[in-house]
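Peer 1: In my numbering, the protein residues as written are 4 to 497.
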Ligand SMILES: NC(=O)c1ccc[n+]([C@@H]2O[C@H](COP(=O)([O-])OP(=O)(O)OC[C@H]3O[C@@H](n4cnc5c(N)ncnc54)[C@H](O)[C@@H]3O)[C@@H](O)[C@H]2O)c1
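(1) Just mark residue 187 as buried or exposed, buried being the case when its beta carbon has 16 or more other beta carbons within 10 Å.
(2) Between which two residues does the alpha helix (DSSP H) harbouring residue 341 extend?
(3) Express the C-alpha separation of residue 136 and residue 47 in angstroms, rounding to a whole number.
(4) Quick check on residue 398: does DSSP put it in helix, strand or coil?
(5) At a cut-off of 7 angstroms, is residue 499 close to ligand 1 when judged by its beta-carbon and the heavy atoms of the ligand?
(6) Tell me whether residue 127 sits in a helix, a strand or coil according to DSSP, three-state version.
(7) With a threshold of 7 angstroms (Cβ to nearest heavy atom), would residue 202 be considered close to ligand 1?
(8) Given a cut-off of 8 angstroms, decide if residue 248 and residue 282 are closer than it, judged by their beta-carbon atoms.
(9) Measuring from the CB of residue 499, is there a heavy atom of ligand 1 at a distance below 7 angstroms?
(10) What is the DSSP secondary structure of residue 174, reduced to helix, strand or coil?
(11) Considering only the beta carbon of each residue, do residue 199 and residue 163 sit closer than 8 angstroms?
(12) Between the region 448 to 464 and the region 362 to 374, do three or more beta carbon pairs fall short of 8 angstroms?
(13) Assuming residue 388 and residue 463 are in contact, meaning their beta carbons sit under 8 angstroms apart, how far apart are those beta carbons, in whole angstroms?
(14) Quick check on the DSSP output: what are the complete beta strand (DSSP E) runs of length 3 or more inside the region 263 to 332, in order along the chain?
(15) Give the DSSP-derived three-state secondary structure of residue 57 in the structure shown.
(16) Once DSSP output is grouped into helix, strand and coil, what is the label at residue 106?
(17) Looking at the structure shown, is residue 336 part of a helix, part of a strand, or coil, going by DSSP?
(18) Which residue or residues does DSSP assign as beta-bridge partners of residue 466?
(19) When you measure from the CB of residue 425 to every non-hydrogen atom of ligand 1, does any distance come out below 7 angstroms?
(20) With residue 492 as the anchor, note down where its alpha helix (DSSP H) starts and where it stops.
(21) For residue 88 and residue 360, what's the separation of their Cα atoms in angstroms?
(22) Here's the rule I'm using: 16 or more other beta-carbon atoms within 10 Å means buried, otherwise exposed. How should residue 438 be labelled?
(23) I'd like to confirm something about residue 230: is its beta-carbon nearer than 7 angstroms to some heavy atom of ligand 1, or not?
(24) Please report how far the alpha carbon of residue 36 lies from the alpha carbon of residue 233, in whole angstroms.
(25) For residue 209, which residues in the same chain have their Cβ closer than 7 angstroms to its Cβ, ignoring the five residues on either side in sequence?
(26) What three-state label does DSSP hand residue 347 in the structure shown?
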């Protein structure tokens, strides 16, 4: 992949590229990528010094077809890929893989879609798709058929992109997927085939299909490669992907799929089959959550005559805490002096204004349910003496306000469990004010169960529960004791 940053390219080059594209409208006479690449290279060589001011980070991505692994090592011929299902995902996948230099055959039971592709037309509207189809059909890198038996024997990889619509149960329907897997399993082959499931399926589905239908072996392997495209932006999302995930249990098929994407120059996340399946749902859940959050905040803003776009636009400028991995690590319930209080206040005002904001209203109940799961997990420990590491709601603070650990202790003491607590930042003789008063007056008494050192805790306990992340020093000391650890923070190595 050659990526030309507008910001650093020469102004004359850009004008020339623009003119070049304009003079070659992307129809049958559209320049090949190689021609465009050669043209851009020669232009960049001629006027390298004139900088273009004012461009803001846009880039022109051009695939360098010279560097595409066009040959399948096992076969000594162009990598042949079958794409099953020529819907939104399959058609874009087929056209883009052909654009990367592979030999692609699309298969669909819908004759109209197959005829469209063969005639150089996109079967549905998607910006940039028709241009890719026509140029790759013309270059004989893309073809289509309704007959799977004809297409599969020549392919070394088969992308499965059939629909998995909602079933009456609200689960996804696997009808089409099972049907095509049966067809794949029943098609004789003389060379190894990797089946790459791209349809969205719930974790465990690929393993189930493998076991029941596909039965992997020397001639057939399976991988999962979820699609993250957005309709309306699908070609660009494929060529400049936000994320590429390849899942599999066997490294060989995973590498075979990963190699296909090498020309895009993007890091590939290699994970297990189940993780890859889950990742697709995690991404879509996160997208849905963000939209619902923005809409609920927008609703509240509107009712308060506050500019919602300004609020959300400003929120998005914070890439340290807001749009970042912060607060995205599964762990213990939240607490402290701010989040619970402020979520309660938001709920209060929404209800005062007569607004229904179910997402925002569900946050505190969700947190309580999470705490309840933690309480149950600790209560079920087969331990006589439970050592709790961490009393404040998170590490590096002595603030005890609304710490979920206090509720956890309360619950365990109520069950009659024996426990002691250690928190590196909370010592009765060193803290004062409301935190000290709380520890001395709490019922059941927590203050009397506080240890001064981690050693005291670990020499007494027969099981340790982590409610906050220990420092590297404390983690090493704890690991050296060999005590079993129940980690509620998601940070302890398993
Ligand atoms: N559309 C999206 O934006 C998007 C994005 C990411 C993932 N996905 C997932 O990708 C999958 C495909 O989605 P889509 O929107 O492309 O679906 P779609 O309904 O547009 O396309 C599915 C295609 O599969 C074909 N098909 C069905 N049975 C077949 C068979 N036995 N043999 C050959 N072809 C067959 C259908 O004729 C249809 O053309 C789904 O699991 C979806 O959840 C979709």
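Yeah, the Cβ is synthetic: ideal placement off N, Cα and C, and Gly gets one too.
Peer 2: This is what the structure gives:
(1) Residue numbering aside, residue 187 sits at position 184 when the chain shown is read from its first letter. By the 10 Å Cβ count, residue 187 comes out buried.
(2) Position 338 of the chain shown, counted from the start, is the residue given in the question as residue 341. Unbroken run through residue 341: none, as it is neither H nor E.
(3) In the chain shown, residue 47 corresponds to position 44, counting from 1. In the chain shown, residue 136 corresponds to position 133, counting from 1. Below a pLDDT of 50, predicted positions are generally treated as unreliable, and residue 47, at 40, falls in that range; no measurement from the model is reported.
(4) Counted from its first residue, the chain shown places residue 398 at position 395. Three-state DSSP puts residue 398 in coil, outside helix and strand.
(5) This structure cannot settle anything about residue 499, because the visible part of the chain is limited to 4 through 497.
(6) Indexing the chain shown from 1 puts residue 127 at position 124. Looking at residue 127 - three-state DSSP - the assignment turns out to be coil, as it is neither helix nor strand.
(7) Translated into the one-based positions of the chain shown, residue 202 becomes position 199. Checking the Cβ of residue 202 against ligand 1 gives yes.
(8) On the chain shown, residue 282 is found 279 positions in, with the first residue counted as 1. On the chain shown, residue 248 is found 245 positions in, with the first residue counted as 1. Yes; because the gap between Cβ atoms is below 8 angstroms, this pair is in contact.
(9) Lying outside 4 to 497, the shown extent of the chain, residue 499 is not represented and no answer is given.
(10) In the chain shown, residue 174 corresponds to position 171, counting from 1. Three-state result, residue 174: coil.
(11) Locating residue 199 in the chain shown gives position 196, where the first residue counts as 1. Locating residue 163 in the chain shown gives position 160, where the first residue counts as 1. Cβ atoms of residue 199 and residue 163: closer than 8 angstroms.
(12) no
(13) The sequence position of residue 388 within the chain shown is 385, counting from 1. The sequence position of residue 463 within the chain shown is 460, counting from 1. About 6 angstroms separates the two Cβ atoms, so the contact holds.
(14) 271 to 274
(15) On the chain shown, position 54 is the one that residue 57 refers to. Reliability fails at residue 57, whose pLDDT of 25 lies under 50, so the model's placement of it is uncertain and no value is given.
(16) Position 103 of the chain shown, counted from the start, is the residue given in the question as residue 106. Reduced to three states, the DSSP call for residue 106 is strand.
(17) As a first step, residue 336 must be located in the chain shown, where it is residue number 333. In this structure, residue 336 counts as coil in the three-state DSSP scheme.
(18) What you label residue 466 is simply residue 463 of the chain shown in a count that begins at 1. Its beta-bridge partners are 389.
(19) In the chain shown, counting from the first residue as 1, residue 425 sits at position 422. No - ligand 1 has no heavy atom lying nearer than 7 angstroms to the Cβ of residue 425.
(20) Translated into positions along the chain shown, residue 492 becomes position 489. First-last for residue 492: undefined, no H or E at that position.
(21) Here the question's residue 88 lines up with position 85 in the chain shown. Here the question's residue 360 lines up with position 357 in the chain shown. Each residue's alpha carbon lies about 39 angstroms from the other.
(22) Residue 438 sits at position 435 when you count from the first residue of the chain shown. Residue burial is scored here from C-beta neighbours: residue 438 has at least 16 other C-beta atoms within 10 angstroms and is therefore classed as buried.
(23) For the purposes of this step, residue 230 is identified with residue 227 of the chain shown, where counting begins at 1. Yes, since a heavy atom of ligand 1 falls inside the 7 angstroms radius drawn around the Cβ of residue 230.
(24) Within the chain shown, residue 36 is the residue found at index 33, counting from 1. Within the chain shown, residue 233 is the residue found at index 230, counting from 1. Caution applies to residue 36, whose pLDDT of 48 falls short of 50 and renders its modelled position unreliable; the value that the coordinates give is listed next. So the alpha carbons of these two residues sit roughly 24 angstroms apart.
(25) Along the chain shown, one-based indexing puts residue 209 at 206. Excluding residues within five positions, the ones whose Cβ falls inside 7 angstroms are 200, 225, 227, 276 and 280.
(26) The residue you call residue 347 lines up with position 344 of the chain shown. Looking at residue 347 - three-state DSSP - the assignment turns out to be helix.
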